[in-house]
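Each residue of the sequence shown is one higher than the one before, counting from 0 in numbering that gives the first Met the number 0. By construction, the Cβ of each residue, glycine as well, lies at the ideal position given by its N, Cα and C atoms. Bear in mind the structure is a predicted one, so any value in this text is a computation, not a measurement. Here's the structure we're looking at; comments come further down.
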Amino acid sequence: MENPDDFIERRKCPRSLVDLPVEYRIKGFPRPQGGLVVNASEGGLLIHSAKNMPLGLKLNIAVMFPTGYELAHLQATAEIIWKDFRLYNHSDGYQYGLKIVKILDEDHRKLKQILSSPLQRSEDLDPPPLPFRASPPE
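The following block contains the structure:
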């Protein structure tokens, strides 16, 4: 397990704490799955989900967010680059580091708007613990 003191930040974009629902689709599965976006940047997302998925899997995601009195969404394709098993609210689950690999310009603008909006959770909250990161096979 990585020592948090030895952790080297490799992200190119700063993360913002958020609390937004995400729906994702896996090729070959007829129904969408759900999860929660915990933090986000222009380059990726940290999500929580009950579904066990392998590293390297590409997901079609839709992140829902409020705009006024309506619910909007942005869509992207993301790849699982790390995962960690976690226990959330007395049930098993996983957290996943997703790298955004494809996003339309309009959805990228929406993501930037989310990251700069007051929807973000307070930075005073403790961030999730650093996970043991399993890397995809080379």
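Residue interval of the beta strand (DSSP E) (run including residue i)
i: Glu22; result: Ser15 to Arg24
i: Asn59; result: Lys57 to Thr66
Beta carbon of residue i nearer than 8 Å to that of residue j
i: Gly55; j: Glu69; result: no
i: Glu22; j: Pro31; result: yes
i: Phe64; j: Ile113; result: yes
i: Tyr95; j: Lys82; result: yes
Residue i Cβ short of 7 Å to the ligand ATP heavy atom set
i: Ser116; result: Absence of the ligand ATP is noted for the structure shown, with no ligands found whatsoever.
Bridge-paired residues (DSSP) for residue i
i: Gly42; result: Gly42 is not bridged to any residue.
i: Tyr34; result: According to the sequence shown, residue 34 is Gly rather than Tyr. According to DSSP, Gly34 bridges with Val21.
i: Ile79; result: Leu97
Start-to-end residues for the alpha helix (DSSP H) that takes in residue i
i: Lys109; result: Asp104 to Leu114
Neighbourhood of residue i by C-beta distance below 8 Å, restricted to the same chain and skipping five residues each side
i: Leu97; result: Gly43, Leu44, Leu45, Ile46, Leu58, Ile60, Ala77, Glu78, Ile79 and Ile80
i: Asp106; result: Leu73, Gln74 and Ala75
Supposed close pair residue i, residue j - CB separation, criterion 8 Å
i: Lys101; j: Ala75; result: 6 Å
i: Ala39; j: Val17; result: 5 Å
Residues near residue i in its chain [Cβ-Cβ closer than 7 Å; skip 5 each side]
i: Lys62; result: The residue you asked about is not Lys; residue 62 is Val in the sequence shown. Leu19, Val21, Val36, His72 and Leu73, listed in sequence order.
i: Asn51; result: Tyr93
i: Gly34; result: Val21, Tyr23, Ile46, His47 and Ser48
i: Asp123; result: Below a pLDDT of 50, predicted positions are generally treated as unreliable, and Asp123, at 39, falls in that range; the measurement from the model is reported next regardless. Same-chain partners within the cutoff: there are none.
Contacting residues, own chain, Cβ-Cβ under 6 Å from residue i (five flanking each side not counted)
i: Lys85; result: Inspection of the sequence shows that residue 85 is occupied by Arg rather than by Lys. The answer, listed in chain order, is Gly92 and Gln94.
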